[in-house]
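Heads up, the thing below is written out as structure tokens.
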Amino acid sequence: MKAIPWWSWACPLVAWVLLVAKTFLPVEGPILVIFVLALGGAVFAGVHFAEVIAHKLGEPFGTLVLAVAVTIIEVALIVSVMLGGGADKAALARDTVFSAVMIVCAGVVGFCLLAGATRHREQEFRIQGANGALAVIIALSGLTMVLPNYTQEPGPSFTVSQLEFVGLVSLVMYGVFVFVQTVRHREYFLPEVADEDSHAAPPSNAMTLASLGLLIVSLVAVVGLAKALSPAVEAAVKQSGAPQSLVGVIIAAVVLLPESLAAVRAARMNRLQTSLNLAFGSVIASIGLTIPVVAVVSVLIHQPLTLGLDPKETVMLALTMLISTLTIATGRTSILQGAIHLMLFAVFLFFAVVP
């Protein structure tokens, strides 16, 4: 049995030390850089422990564990900022979820297709699983980020009853997807090519339980550090003159980075099905779990919640969903699809940074 890597427990430990020290230290200058590095280390440590648990459970439960772990981080960050931000944070959940959709469906999928095609020319995947996952993403995205623009005047938001109902529908839809992925049609999401890592002996029960405990410690550390860093990030975005929605992009990028790297690595190893499970699963969890939680928080603290996208963002979302549908239509991908997705991602980043 392999021992727990020293860095995986050292990173959360450093993060917790910094959380205690922030009471006495101003989070600026060199201290800010240290906090950022500690945040990144805690995120990677958390995903490492999630991977250990995933290896114990096997596919497709492994990708499900990673997706849920990342979503817990995302939800905790959004809720913590909402609780301390007031009405000016009404659009944070929308910006973060939309950014997650674009980062994954345009950026991560693009990098996976390009990395895989560069090494293997063409790759195959199970069209039933990818098509079903994308259908859930399209439905959730439309219900939570497009429909609010047409339900009431003025403003891109739901009424309280509408918000509660759509939040419930999102949660149910996520639950149905998980049931199909793990029980009813599990074979749709299994890799066609054997994973070389799957031949390694699974971790022991003791290792799995230790990883679960350290995963929780890492996630709490991530939330605390992100909360401490959020004022500096918001001030930097405001000072640069970039759109305020860039804050949501940064939050989504931080929590999705480790999972994105794992997806690209799987594609290079000719396991595109695993890459798509990771990518699409994280988006479904991001919408299906985040929206219900922030809806409950919004109702409880009587804080407005802006969910409807701006026209240019709606066009970007629709275009990305259309291209994604065409990409998975044949069950085979090449370098062309990867390039198209990455161009969409570049356009998204340009409009996120330039006012």
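The working numbering numbers the first residue of the sequence shown as 868 and each following residue consecutively. The beta carbon of each residue, even a glycine, is placed where N, CA and C say it ideally should be.
With a 10 Å radius around its C-beta and 16 neighbouring C-beta atoms as the bar for buried, classify LYS923 as buried or exposed. Reading the sequence shown from its first residue, position 56 is the one you call residue 923. In summary, LYS923 is buried, with 16 or more beta-carbon neighbours lying within 10 Å of its beta-carbon over all protein chains present.
Output the boundary residues of the alpha helix (DSSP H) element that contains GLU918. One-based indexing of the sequence shown puts residue 918 at position 51. According to the DSSP assignment, GLU918 belongs to the alpha helix (DSSP H) that extends over 897-924.
Buried or exposed: TYR1055, going by 16 or more other Cβ atoms within 10 Å of its Cβ? Position 188 of the sequence shown holds residue 1055. Its Cβ being crowded by 16 or more others within 10 Å, TYR1055 is buried.
Where does GLU895 land, buried or exposed, given buried means 16+ other C-beta within 10 angstroms? Working through the sequence shown from its first residue, we reach residue 895 at position 28. Exposed, because fewer than 16 other Cβ atoms sit within 10 Å of the Cβ of GLU895.
Report the residue from VAL1161, LEU1176 and GLY1175 whose alpha carbon sits nearest the alpha carbon of HIS1169. What you label residue 1169 is simply residue 302 of the sequence shown in a count that begins at 1. The alpha carbon of HIS1169 has as its nearest neighbour, out of VAL1161, LEU1176 and GLY1175, the alpha carbon of VAL1161.
Would you mind sorting GLY1091 into buried or exposed? The rule is 16 or more other CB atoms within 10 Å of its CB. As a position in the sequence shown, residue 1091 is number 224, starting the count at 1. Counting Cβ neighbours within 10 Å, GLY1091 comes out buried, since at least 16 surround it.
Could you check where the alpha helix (DSSP H) with ASP1177 kicks off and where it finishes? Counted from its first residue, the sequence shown places residue 1177 at position 310. According to the DSSP assignment, ASP1177 belongs to no alpha helix (DSSP H), since it is labelled neither H nor E.
Buried versus exposed, by CB contacts within 10 Å (16 or more), SER1024: Along the sequence shown, one-based indexing puts residue 1024 at 157. When all chains shown are included, SER1024 counts as buried.
So for MET868, helix, strand or coil by DSSP? Reading the sequence shown from its first residue, position 1 is the one you call residue 868. Residue placement at MET868 cannot be trusted, given a pLDDT of 45 that sits under 50; the coordinates are not used to answer.
Which class does THR1200 belong to by DSSP, given the choice of helix, strand or coil? Working through the sequence shown from its first residue, we reach residue 1200 at position 333. In the structure shown, the three-state DSSP call for THR1200 is strand.
Span separating the alpha-carbon of THR1141 from that of LEU892: For the purposes of this step, residue 1141 is taken as residue 274 along the sequence shown, with counting starting at 1. For the purposes of this step, residue 892 is taken as residue 25 along the sequence shown, with counting starting at 1. If you draw a straight line from the Cα of THR1141 to the Cα of LEU892, it is about 43 Å long.
Quick one: any contact between the stretch 965-980 and the stretch 1100-1118, if contact means 3 or more CB pairs under 8 Å? Yes: the two stretches touch, three or more of their Cβ pairs being nearer than 8 Å.
Taking Cβ positions, are GLU991 and GLY1148 nearer each other than 7 Å? Taking the sequence shown and counting its residues from 1, one reaches residue 991 at position 124. Taking the sequence shown and counting its residues from 1, one reaches residue 1148 at position 281. Taking a C-beta distance under 7 Å as the contact criterion, GLU991 and GLY1148 do not qualify as a contact pair.
Helix, strand or coil for GLU1054 per DSSP? Locating residue 1054 in the sequence shown gives position 187, counting from the first residue. In the three-state reduction of the DSSP assignment, GLU1054 falls in the helix class, which pools H, G and I.
Opposite GLN990 in the DSSP bridges: which residues? Residue numbering aside, residue 990 sits at position 123 when the sequence shown is read from its first letter. Bridge partners of GLN990: THR1200.
So, does the stretch 995-1013 touch the stretch 1206-1218, judging by three or more C-beta pairs under 8 Å? Touching, no, given that fewer than three Cβ pairs across the two stretches are closer than 8 Å.
With a CB to CB cut of under 8 Å and the five nearest residues on each side skipped, what residues in its chain are close to ALA1006? One-based indexing of the sequence shown puts residue 1006 at position 139. Beyond the five residues adjoining it in sequence on each side, ALA1006 comes within less than 8 Å, by CB distance, of MET1040 in the same chain, given in chain order.
Any 3 or more C-beta pairs closer than 8 Å across the stretch 914-922 and the stretch 1074-1093: These segments touch.
Pair every Cβ in the stretch 932-951 with every Cβ in the stretch 1087-1102, then say whether three or more of these pairs are closer than 8 Å. Taking 8 Å as the limit for Cβ pairs, the verdict is that the stretch 1087-1102 does touch the stretch 932-951.
Can the beta-carbon of VAL1131 be found less than 7 Å from the beta-carbon of PHE902? On the sequence shown, position 264 is the one that residue 1131 refers to. On the sequence shown, position 35 is the one that residue 902 refers to. No, the Cβ-Cβ distance between VAL1131 and PHE902 is not below 7 Å.
Unbroken alpha helix (DSSP H) run spanning LYS1094, endpoints: For the purposes of this step, residue 1094 is identified with residue 227 of the sequence shown, where counting begins at 1. That run of the alpha helix (DSSP H) goes 1072-1107.
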